[in-house]
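Chemist:
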Amino acid sequence: MGDCIFCKIIQGEIPATKVYEDEKVLAFMDINPLNDGHTLIVPKRHAETIFEIDPQDLIATIKVAQKLAIAIKKALDSDGMIVVQLNNKAAGQMVPHLHIHLIPRWENDGLQIGKWEMKPGDMEKIKDIAEKIKKEVG
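Quick note on numbering: full-length UniProt numbering labels position 35 of the sequence shown as 35, and the sequence is numbered without any gaps.
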């Protein structure tokens, strides 16, 4: 937490271009935007990932993400919106403080983000994995 850049933004130690703030959540413009309007939403209470965040903080954060996604789409007349939240280094998380990216998209904007190759899965493996997940959920 001591070196967390987002905690420093929340505490006012580092400036940010804020677009929303309440008692639980802060939203500000990304200083390295992938597209115009790229916004970050962060819970004020530090949690590195979805795995340890307090459920109420997560609910508050996602509600703000929806509110801002609607506002950004209207304000910028975007054609779509990428909503992404990455967890841990292996998934591409660069700042160890849970955050949601809102990235407006326009037809033919040229933005290329991780092209997924769609290929048929092994149905037995899919079923086995589903059973493992269901067992953990309870």
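All C-beta atoms, glycine included, are put in the ideal place defined by N, C-alpha and C. These numbers were taken from a predicted model, which means no experiment stands behind them.
Mapping the DSSP letters down to three states, classify Leu68 as helix, strand or coil.
Modeler: Translated into the one-based positions of the sequence shown, residue 68 becomes position 68. It is helical.
Chemist: Just to confirm the assignment: which complete beta strand (DSSP E) runs, minimum length 3, are found wholly within the stretch 67-131?
Modeler: For the stretch 67-131, whole beta strand (DSSP E) runs of length 3 or above, ordered along the chain, are 80-84, 100-105.
Chemist: Between Lys115, Lys125, Lys134, Ile59, which has its C-alpha nearest Ile100's C-alpha?
Modeler: Here residue 100 refers to the residue found at position 100 when the sequence shown is read from its first residue. When each option's Cα is compared against that of Ile100, the closest is Ile59.
Chemist: Please determine if the stretch 5-16 and the stretch 65-79 are in contact, where contact requires at least 3 C-beta pairs separated by less than 8 Å.
Modeler: no
Chemist: Are the CB atoms of Val42 and Ile70 nearer to each other than 8 Å?
Modeler: Your numbering for residue 42 matches position 42 in the sequence shown. Your numbering for residue 70 matches position 70 in the sequence shown. Result no, Cβ atoms of Val42 and Ile70 do not sit closer than 8 Å.
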